[in-house]
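I have placed the structure first, in the form of structure tokens, so that the comments after it can refer back to it.
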Amino acid sequence: MHRAIALLLVLVAPLEAAAQQGVVRGTVRNPQGAPIRGAMVGIAGSTLYAQTDPAGRYRLAPVPAGEARVRAAAIGYRPVTTVVTLSPGDSVTADFTLDPSPLELTPLDVVSTKVPQFGDHPTTSVAQVSLEEIDRRAVNTIDEAVDKEAGVQFLNGQINIRGSTGYVQGLNSRVLMLVDGVPMNQGDRGGINWDLVPVDQIERVDILKGAGSSLYGSAALGGVVNVTTRDVPVGIHERLRLTGGVYADPPHAIWEFRNEPGFQGGGDGTLSYGTETAGASISGGARHSDGYREHDTQTHWQAAAKGRWQASTKTRVDVSGAWADDHYDVPLSWCKQGQCVDLGQAYQPFKTDTGGRTSWTDSRKGYLTAHVRTVVSDRLAWQARASWFRTDFFDQRRDTSEFGISNRVGAEFRVEVHPDSTRTVLVGTEATFSDVTSDVFGNHSQSEFSAYGEVEQPVSHTTGGARLNAGARIDFLAVDGGSLSAVVSPRLGASLPVGSHGGSVRASVGRGFRAPSMAERFVDLVASEFGLRVIPNPALRPETAWSFELGARSAPFLTFLRVDGALFWTEARDLIEPTLLVATGGPVIQLQNFAEARLTGVDATLLAAPVRRLSTSLSYTYLSTERRVPGSPNAPLAYRPAHQLKLSADYALGPADVGADFRFAGRPERIELEEFVDPHRVPMNVLDLRAQWTRGPVELRLIVANALNYVYNLVPQTLAPVRTTTLTAVWSH
Amino acid sequence: MLRTPVRPLLVLLVSTALIAACDKGLQPEPICASDLIGVCGTIRFRGTVPDSTDNVFVAAYAAFPQTCNELITNRQPFIPGSVSYTDSVSPYGVTLPPRTYAWVLAVWKKVGTLTLTPADTALLRVAGYYRNPADTTQPGSVIVPNGGAAANINFRVEFDSLRPATDFVSCTAQ
């Protein structure tokens, strides 16, 4: 009781002390004086944090009078902390100069706890893709950037973090995607539209590897990908990007399928205007691709807008939205013998089944969000948000068509409390309503209501900085207005700094879950690739998993090396898999809670800067999986390669940079429904080369993706991209 | 001169690149592929292709089917592929488990959706089959060896004399 009263006094006291507050503002720059955009500046253990704009500027308010420890951190730079002294009603300038440090690993964490952490020591593995990396790789969609991270693999658009998802054509994800903290998995199918947010609008991508359901709820069973969009800077800013590229021909003449080269190209532009009080940006663009294989053209249109309003010193309102429209052919599977002019080949990976050449898909998706954050004091802040996400697809197949329209409406309210500078308490509630209208999924709705809380604090004052976080979330799910079922997702984590140079160990255990999507429950169609009917299963239960992790991060050693590694172990239950059943009318496929599984492994990242201007990284992931089904021998989970290796190197040459990425994934030992699909599959060996040149407001980027023109597939009968040479020009003002 | 700790790193990077260069990825694969386990050969086509043709596929039965149900459920592969029939001759290759097959045949399929039930016989016709070289009036048996393929399993399709399954199997015509 006394503790509750004390906490109330702590929260109320700052209100009385409003006049005893001031503002800290300043810039964050590199040693050459260039502004660093997207750097996070804040006062650790408080509600006060802000991100720098393109001019490197930031502003923190209301900062209590007295001494404040202000910390600035940015990906690729060594964090800096400074102490400022603030008088009541005063404004103090604190400028930061950050030294580049290719050995820095996740200097701040914004995804594992929903509150930015400057402590350098997350309790679960996190990774970040910076704006600089996104620019350097000149990607078109988010997945192309995230694919380069350790332990992450994309299978035909479906993300696997440490082997979480596997692959099911067109359905579901065991990873949750957030855009500025708002869940954006499809309301009907549960999958992710990686082209939802124009890449030009992305500031940073944060990846949580491990169960995140204790804060994020359904779908965060295998991890979370949070996309942070660019803030609206002060002043007028324009940005124009033009891209053009060409696809390589097949490496063997017998596979050739067209007489002219295939091209891709597009452009996008952004215009923004902002003051200290308010700002807005709009962007739009389009791109077209002839495709790298037969019947593979794609046309994409996009638009996005964002606005911010500093309603008062303490309250900020953000609104944002994006819309994308795609029309693409559907090369569902490559041509097997007899399905096209096969020239005596058992399969033609660049060609498609002659009968499928009339197939196409229209896909539209868009979202609107509004977000209010009020910093009541440096000890208390609250946030509220509302969102609407809509997807709409129409598939035309050879002799049939399918459509689906889905809405996902969500709202969240949360309160962030810092009883003192070492403790953080987060409590919140969230509600989501999804509906679908479709000729293959029917007309249905699903509701989710949840409440969550998390505490982070030192273990004690005598444990050398060890920190503990503990939290839990309860989700209530209802389908078509039926009875509620509850899922509880707890998490416990700890981190311990080792030495004074950034080394640490971490451990966490958490339970994640994924509610079956409405598509999985109610799908009713004939799968054209198998010729079998897929029947509904309204009785599907949520998948659940306990995830354990033990990790360590070294301080830099031998002056140029640093290592981060983790052992992980997931015990999954009620995994939903397509299952072949013999029904009275013949065999059918049904999604069932069929399997239990164990996923264990290790991932390790070695950062090295062996010579000046050269930064390299090497990541290795070993994954062992065991699928357990009563009455059947244990087997590996489908689509999980045991070994993944990623190498990256960048060399800076003044105004130019050159770099390379290499990705290897072993041949998956098992795929689902193997008896019905083409058995061809090989390991993945992909080398990407890049060069970048900057002069004033102009940047030129040359990318040769899959430079070895290595021909491979990750899922059955679906060719992965061949060598693609792309030149991108960017003008920013 | 590079610092000593740099060398292992460079060795690792170069080794990885070399490993990558050794693997050639997917390669062209003739129908009678070296790693095919099943049957392969050529089919010659005669006659006029019916307008209602959807496709032609090759199927095999370990034992000659006795009922319409066996005709559907004992078929290998269970989910049929297809063979190009637009030229006068077409190579084919079908993956099958190693064993002896009593009947290897080409099946003509009419436009329509298969249900994988005996009702499918309404859409299917026997278009031709591999014949016993010693007695060409009889089907020839084919042995798919362990780890290999039965090659040169060649036969003819007569589009002008497509025969219903009931000519071969005792069951109610659909």
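As they're listed, the protein sequences go chains A and B. Take any residue in the first sequence, note its place counting from 1, add 95, and you have its number in our numbering. Take any residue in the second sequence, note its place counting from 1, add 373, and you have its number in our numbering. Even glycine gets a Cβ: it sits at the ideal position worked out from N, Cα and C.
Quick one: does residue i have its CB under 8 Å from some CB of chain B?
i: isoleucine 349(A); result: yes
i: glutamine 812(A); result: no
i: proline 682(A); result: yes
i: proline 444(A); result: yes
i: asparagine 255(A); result: no
i: valine 777(A); result: yes
Measuring straight from C-alpha to C-alpha, what distance separates residue i and residue j?
i: glycine 68(A); j: serine 268(A); result: Limits of chain A in this structure are 96 at one end and 828 at the other, which puts residue 68(A) out of reach.
i: proline 471(B); j: isoleucine 766(A); result: 21 Å
i: asparagine 801(A); j: phenylalanine 759(A); result: 12 Å
i: histidine 216(A); j: arginine 518(A); result: 15 Å
i: alanine 824(A); j: asparagine 564(A); result: 45 Å
i: leucine 337(A); j: alanine 189(A); result: 38 Å
i: phenylalanine 652(A); j: phenylalanine 445(A); result: 48 Å
i: serine 463(B); j: glutamate 402(B); result: 15 Å
i: arginine 723(A); j: asparagine 688(A); result: 12 Å
i: leucine 496(B); j: glycine 252(A); result: 37 Å
i: valine 806(A); j: proline 763(A); result: 16 Å
i: leucine 273(A); j: valine 322(A); result: 6 Å
i: proline 682(A); j: asparagine 632(A); result: 15 Å
i: arginine 417(B); j: aspartate 437(A); result: 16 Å
i: glutamate 333(A); j: threonine 394(A); result: 24 Å
i: alanine 113(A); j: threonine 711(A); result: Its pLDDT being 49, under 50, alanine 113(A) is placed unreliably in this model, and the coordinates cannot settle the point.
i: leucine 676(A); j: valine 629(A); result: 10 Å
i: alanine 667(A); j: arginine 609(A); result: 11 Å
i: valine 510(A); j: valine 205(A); result: 16 Å
i: threonine 819(A); j: proline 345(A); result: 12 Å
i: glycine 513(B); j: tryptophan 350(A); result: 35 Å
i: alanine 222(A); j: valine 484(B); result: 52 Å
i: proline 211(A); j: leucine 303(A); result: 13 Å
I want to see whether chain A comes within less than 8 Å of residue i, judged by CB atoms only; does it?
i: threonine 426(B); result: no
i: glutamine 547(B); result: Because glutamine 547(B) sits at a pLDDT of 48, beneath the cut-off of 50, its placement in the model cannot be relied upon, and the following sentence gives the value as read from the coordinates. No - not a single Cβ of chain A is within 8 Å of the one on glutamine 547(B).
i: glycine 454(B); result: yes
i: alanine 406(B); result: yes
i: aspartate 508(B); result: no
i: serine 463(B); result: yes
i: serine 514(B); result: no
i: threonine 486(B); result: yes
i: glycine 398(B); result: yes
i: methionine 374(B); result: Bear in mind that the predicted position of methionine 374(B) carries a pLDDT of just 40, short of 50, making it unreliable; the figure below should be weighed with that in mind. It does not: the Cβ of methionine 374(B) has no partner Cβ on chain A nearer than 8 Å.
i: proline 403(B); result: yes
i: glycine 520(B); result: no
According to DSSP, what are the bridge partners of residue i?
i: proline 592(A); result: Ser599(A)
i: leucine 676(A); result: Val683(A)
i: alanine 430(A); result: It is cysteine, not alanine, that sits at residue 430(A) in the sequence shown. Answer by DSSP bridge pairing, in chain order: Gln443(A).
i: cysteine 413(B); result: Gly466(B)
i: alanine 546(A); result: Thr524(A), Ile569(A)
i: glycine 364(A); result: Leu335(A), Gly379(A)
i: aspartate 397(A); result: Note that residue 397(A) is glutamine in the sequence shown here, rather than aspartate. Partner(s): Gly380(A), Ala419(A).
i: phenylalanine 358(A); result: Val341(A)
So is residue i buried or exposed if we call it buried at 16+ other beta carbons inside 10 Å?
i: alanine 634(A); result: exposed
i: asparagine 288(A); result: buried
i: aspartate 659(A); result: buried
i: threonine 372(A); result: exposed
i: glutamine 358(A); result: It is worth fixing the name first, because residue 358(A) is phenylalanine in this sequence and not glutamine. Exposed, by the Cβ-count rule.
i: alanine 523(B); result: buried
i: proline 183(A); result: exposed
i: lysine 397(B); result: exposed
i: leucine 316(A); result: buried
i: glutamate 549(A); result: buried
i: glycine 305(A); result: buried
i: aspartate 508(B); result: exposed
Measuring only from the beta carbon, is residue i closer than 7 Å to any heavy atom that is part of the ligand PLP?
i: threonine 821(A); result: Looking at this structure, you won't find the ligand PLP or any other ligand, since it has none at all.
Cβ contact (3+ pairs, closer than 8 Å) linking the region 484 to 492 of chain A and the region 453 to 461 of chain A: Cβ pair count under 8 Å is three or more, so yes.
Three CB pairs or more closer than 8 Å across the region 217 to 229 of chain A and the region 782 to 790 of chain A: Short answer: they don't touch.
Contact between the region 469 to 478 of chain A and the region 149 to 158 of chain A (3+ Cβ pairs under 8 Å): Result yes; three or more Cβ-Cβ pairs closer than 8 Å.
The region 293 to 305 of chain A in contact with the region 360 to 380 of chain A per 3-pair CB rule at 8 Å: By the criterion of at least three beta-carbon pairs nearer than 8 Å, the region 293 to 305 of chain A is in contact with the region 360 to 380 of chain A.
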